[in-house]
Amino acid sequence: MTGATLTGHAAALYEAIADLPITSPHGHCDAAWFAEDTAFPDPASLLIIPDHYLFRMLYSQGVSLTGLGIGVPPERRDPRAIFRIFAQHWHLFLGTPTRGWLEHTLHKTLGVETVLRPERADAVYDEIAARLALPAWRPRAAFDRLGIETLATTDAALDPLASHAALPVEWQAKVIPTFRPDDVLMPNRAEFAANIQSLGQITGQDVATYSGYLDALRARRAAFKAQGATATDHDVPELMTVWLARGEVEALYAKALKGDLSTPDATRFYGNMLCEMAQMSVEDGLVMQIHAGSRRSTNAQLLQKFGRDMGADIPVAMDWVPGLEALLNRCGNDPRFRLIVFTLDESAYARELAPMAGHWPCLRLGPVRGHRRTHPT
Amino acid sequence: MTGATLTGHAAALYEAIADLPITSPHGHCDAAWFAEDTAFPDPASLLIIPDHYLFRMLYSQGVSLTGLGIGVPPERRDPRAIFRIFAQHWHLFLGTPTRGWLEHTLHKTLGVETVLRPERADAVYDEIAARLALPAWRPRAAFDRLGIETLATTDAALDPLASHAALPVEWQAKVIPTFRPDDVLMPNRAEFAANIQSLGQITGQDVATYSGYLDALRARRAAFKAQGATATDHDVPELMTVWLARGEVEALYAKALKGDLSTPDATRFYGNMLCEMAQMSVEDGLVMQIHAGSRRSTNAQLLQKFGRDMGADIPVAMDWVPGLEALLNRCGNDPRFRLIVFTLDESAYARELAPMAGHWPCLRLGPVRGHRRTHPT
Amino acid sequence: MTGATLTGHAAALYEAIADLPITSPHGHCDAAWFAEDTAFPDPASLLIIPDHYLFRMLYSQGVSLTGLGIGVPPERRDPRAIFRIFAQHWHLFLGTPTRGWLEHTLHKTLGVETVLRPERADAVYDEIAARLALPAWRPRAAFDRLGIETLATTDAALDPLASHAALPVEWQAKVIPTFRPDDVLMPNRAEFAANIQSLGQITGQDVATYSGYLDALRARRAAFKAQGATATDHDVPELMTVWLARGEVEALYAKALKGDLSTPDATRFYGNMLCEMAQMSVEDGLVMQIHAGSRRSTNAQLLQKFGRDMGADIPVAMDWVPGLEALLNRCGNDPRFRLIVFTLDESAYARELAPMAGHWPCLRLGPVRGHRRTHPT
């Protein structure tokens, strides 16, 4: 029903791991789900509206984002109508990973019996909704029944981690935060200076100086670690790492706080901060993760209308070897350091990433994130 | 006889489409063939001399281009001798797409029964020549018998389309022009200023001003559309699109007419004109086609001796995401716009083109043009 | 025992070539082995210590290089202990080309019967050592028994080729040198000026002038050719060829001798010298080989501690078309010229290298050097 039957080596490999507990080291689940443990609202809000891989493809085929509830306040959405629109275009996903994943979610995970077709949109919708209403599909019950052992969320450096702290004690080891400090490391992000002020307030450090800024970052890392974090995560649109002389980086930091850093200088500052993050990882043991090679928000109209993460983040080629050289030469031989890089470009995987991982003791490679390639057939 | 037998899914897919009428949206046939409808002259002039994929490979193995009739006036060529040289080197094409295609042409299309070998060059030549002499192989008869429904030619902006206009009325829907304006859009092309003068004369527009130049381009597009055109086609050696302020583009245009535009400025001007072409496509509905990523005429000696299109056009890597950003942000969300890009680089296809096409409503991808990769075994 | 059994076409292809004599056109064997013909010292010195593909992977998994005898004088190494460390980590090579090659070496080439496992390290070590002690495994006897016809070494331009000259007369056609002049062509190499002085002394040319420098290079090429060389070999970290005006290149050469060439100028000078080498190849018939696309010594700590060739040479993407344009336009149409390029990037192979080789008469492609990609599973 949900794709080809596995045979031979593939079946043997799958069967050997099918019942292992799941460790999910990177994702974008919301810790509040598990803290509050209320039922998921409806099929469209769970499966359609937050999935930009899914709605960007519908958008590419002329489907209105507003009609899918994107940018519409929850109280003004009609989830059943949204699900019908999605079902009407289900054929567009033939042959894509997105379809395979959603079929698995519907039939294997949720146990929906009706096969999705346009004319059965309501029936499928009702089957999903009925399950979501059951206690067994409350977030914590579902988490346990699905055999998840640990799930890492991704959280901004300024996040107070209130939802993580509000989890039942025995759950605090299951749902752990990940330190994602882009908002306080990238001077060309909106609100950078304001974010630094908040960073100072949260940590009680004097962020007017670069040295106080570093201490504030250390304090936030420690707070995440205290809440169970094992890793940091960094969005690196343009891969460049550099180790600047202390005088230069202090001068750049002072300019950044005033908001008058040029784009190249902002890139240099961020490249230096990635090295600082690597050094802090050596000290505190948090694994460093880098997601590089995605050009963000390339559709200016959608960015203006709906904000970030609207599916217009497109992979680009990157030069990994010079890009990581400063960081690796600073920390890459230290046995305490672990760096995981994620790539969107399988030609880089074969050409430079595998040899790099076969040389640097710190380096591990995440999977090629092929699902970004979903493309209408 | 002509390669492997199809089995399984491949056979089923092929059989389902084998008898469909052919729509050929991009190619370099000459409309005069169908207007004049005279017999093709001889096998070498039809199959060898115009095919730079074929003769460039022979050249790479030490075969003289002059010996193959390249750069030789038709009246001084010996087509049978040329065909013999070709046949002597036929083994070099083993395992290449070129061989597969030519075998299909000989045996399936033309019905030649003799298998090509060096010692049978004359026999094969005579079989082809005999067919070309038949009324059934006159261009229009062949076109119909092969099940072609529509064939788009590629024509310079200044082409008067006389051959298209001279087609029998019922044929004017079958053989349609495509608007290829590189000669009047790229200031670093030879004769640019002279071409613009001709553009003014043909259209009756005052091309001394940028605004008149735009009107002249609109007029030529309309003339092509009146002759049946459904698309434009653009050669983009270095992918860069940009939307310039009106004052800047007017200044560049004035300089371009005087022939003193620097290479970077010529690239900027062309990048701006691609955006203008996209906007005109929104207005008049012509589909825009971009062929990018080929470095032209890399063999200076051949360029000097024989001119362009001598097989020394070599694919290079391109940055599609920043390269198309200005154009897509200008027109890419408009439901009236269609853009087809052709790539020579399958790593770009997987990395950025498929995600782009899975986001932008306007974007369609042409096939990877793998036949460029013909390489002696 | 050593991997999958070949079947079908693969078996037929292998069987057809399995017993052909071996011609090894590129490698890093030492001619002194064959001149002196003494037994190889021990298994670790033969198989582990000189193989940076092997030890870099162990290093990436936390194994100490010093423990493997790297950077340790031979008299202070314990080869049996080194072999034990290697055997303990043998599982890390599962699925890698390195493992396949080493299994072939042990079982097929050396005839070792014990299968390598950590607890059998000593047994395997002893089996290898016993063979190395036999007269049949002295270098010349092994060479002949393995069916090697010709083996090309790689030798610095300043190498006096004493070992080649000391070979028995009938062996001088079997073990031939290859001219590798990077040390006297790249001004940013350490000791460049001193190397040029040595070049002058060896050849008796006045290397104070560019013209004398060219003559000295011609003289070394002739000396290599007299010793049987058929080719040159060039390491090109950053692919750039350029043909400079005589005045400019003379000025750069004068600066280079004084050691005050900027990095971009050093790159230009080397780009010019590659064209000069191509021209000399046209004259003297030595095949030119280019190994491009590897960023050298990216691990600064290992470079400082152990020197070059420590496994931190990582492939990077290269622009072959513009990079070779000057060289090809200078010599690429000459039927006397042969250029072999080696790539580490199979996406470049498909995209630009195959079309280039299918156009330029001089160009041949070496295999993609996929073994660099060894990566722990």
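Chains as they are written, first to last, in our numbering: chain Z, 1 to 377; chain P, 378 to 754; chain G, 755 to 1131. The C-beta atom is built at its ideal place from N, Cα and C for all residues, glycine as well.
{"Item": "Where the beta strand (DSSP E) containing H234 (chain Z) begins and where it ends", "Value": "231-236"}
{"Item": "Cross-chain neighbours of M57 (chain Z) in chain B, by beta carbon under 9 Å", "Value": "In the displayed structure, chain B is absent; the protein chains listed are Z, P and G."}
{"Item": "Validate contact between the segment 956-969 of chain G and the segment 879-898 of chain G using beta carbons, cut 8 Å, 3 pairs", "Value": "no"}
{"Item": "Contact set between Q227 (chain Z) and chain P, taken where Cβ atoms lie within less than 8 Å", "Value": "What Q227 (chain Z) touches in chain P: nothing, since even the nearest Cβ is about 34 Å away."}
{"Item": "Between the CA atoms of D313 (chain Z) and H806 (chain G) - distance to the nearest angstrom", "Value": "39 Å"}
{"Item": "Contacts of S818 (chain G) in chain P (Cβ-Cβ under 9 Å)", "Value": "By Cβ distance, chain P contributes nothing, its closest Cβ being about 38 Å from S818 (chain G), past 9 Å."}
{"Item": "Sequence-distant residues of the same chain with beta carbon closer than 8 Å to S384 (chain Z), five excluded per side", "Value": "Nothing about residue 384 (chain Z) can be reported from this structure: the residues present for chain Z run from 1 to 377 only."}
{"Item": "Inter-residue spacing [alpha-carbon to alpha-carbon] between L523 (chain P) and R476 (chain P)", "Value": "21 Å"}
{"Item": "Where P889 (chain G) sits in the DSSP three-state scheme", "Value": "helix"}
{"Item": "Stretch-stretch touch, CB-based, cutoff 8 Å, three pairs: the segment 1099-1109 of chain G with the segment 716-736 of chain P", "Value": "yes"}
{"Item": "C-alpha distance - V316 (chain Z) paired with V693 (chain P), whole-angstrom precision", "Value": "15 Å"}
{"Item": "Start and end residues, beta strand (DSSP E) containing T1052 (chain G)", "Value": "Element bounds for T1052 (chain G): n/a, residue is neither H nor E."}
{"Item": "Buried or exposed (CB count within 10 angstroms, at least 16 for buried), A529 (chain P)", "Value": "buried"}
{"Item": "Chain P contacts made by the segment 1048-1073 of chain G, where a contact means CB separation under 8 Å", "Value": "A1071, D1073"}
{"Item": "Inter-stretch contact at 8 Å, needing at least 3 Cβ pairs: the segment 536-555 of chain P / the segment 630-638 of chain P", "Value": "no"}
{"Item": "Inter-stretch contact (C-beta, 8 Å, three-pair minimum) for the segment 1025-1040 of chain G and the segment 966-981 of chain G", "Value": "yes"}
{"Item": "Buried versus exposed call for V184 (chain Z) [16 or more other C-beta atoms within 10 Å across all chains shown]", "Value": "buried"}
{"Item": "Span separating the alpha-carbon of R1126 (chain G) from that of R1092 (chain G)", "Value": "Confidence at R1126 (chain G) is low in this model, with a pLDDT of 45, below 50, so its placement is unreliable and the value that follows should be read with caution. Looking at the two C-alpha atoms, the distance is approximately 26 Å."}
{"Item": "Minimum Cβ-Cβ distance from D345 (chain Z) to chain P less than 7 Å", "Value": "yes"}
{"Item": "Neighbour list for N1026 (chain G) in chain P, Cβ cutoff strictly below 7 Å", "Value": "Those within 7 Å of N1026 (chain G) in chain P number zero; the least Cβ separation is about 17 Å."}
{"Item": "For T850 (chain G) and R871 (chain G), the rounded distance between their alpha carbons", "Value": "16 Å"}
{"Item": "Option in P:P744, P:M657, P:G709, P:L701 with minimal Cα separation from Y590 (chain P)", "Value": "P:M657"}
{"Item": "Chain-ordered chain G contacts of S639 (chain P) [CB-CB under 9 Å]", "Value": "Simply none; closest approach about 19 Å."}
{"Item": "Where D909 (chain G) falls: helix, strand or coil (DSSP)", "Value": "strand"}
{"Item": "Length at least 3, wholly inside the segment 661-721 of chain P: the beta strand (DSSP E) runs in chain order", "Value": "664-669, 716-719"}
{"Item": "Pair within 7 Å by beta-carbon distance, A571 (chain P) and G636 (chain P)", "Value": "no"}
{"Item": "Under 8 Å from the C-beta of S60 (chain Z): neighbouring residues of chain P", "Value": "A734, G735, H736, W737, P738, L740"}
{"Item": "Proximity test, Cβ basis, 7 Å: V1075 (chain G) and chain P", "Value": "yes"}
{"Item": "Residue-level contact to chain Z via CB, A408 (chain P), 7 Å cutoff", "Value": "no"}
{"Item": "Chain P contact residues for E790 (chain G), given Cβ-Cβ distances below 7 Å", "Value": "Going along chain P, no residue has its Cβ under 7 Å from E790 (chain G), so there is no contact; the nearest lies around 42 Å."}
{"Item": "Contact list for the segment 995-1008 of chain G against chain P, Cβ threshold 9 Å", "Value": "none"}
{"Item": "contact_flag[the segment 478-493 of chain P, the segment 354-362 of chain Z] where n(CB pairs < 8 Å) is 3 or more", "Value": "no"}
{"Item": "Interface partners of P335 (chain Z) on chain G, CB under 7 Å", "Value": "G816"}
{"Item": "Cβ-Cβ distance between Q1043 (chain G) and A985 (chain G) below 7 Å", "Value": "yes"}
{"Item": "The segment 396-407 of chain P touching the segment 1071-1090 of chain G, judged by at least three CB pairs closer than 8 Å", "Value": "no"}
{"Item": "Three CB pairs or more closer than 8 Å across the segment 784-792 of chain G and the segment 832-844 of chain G", "Value": "no"}
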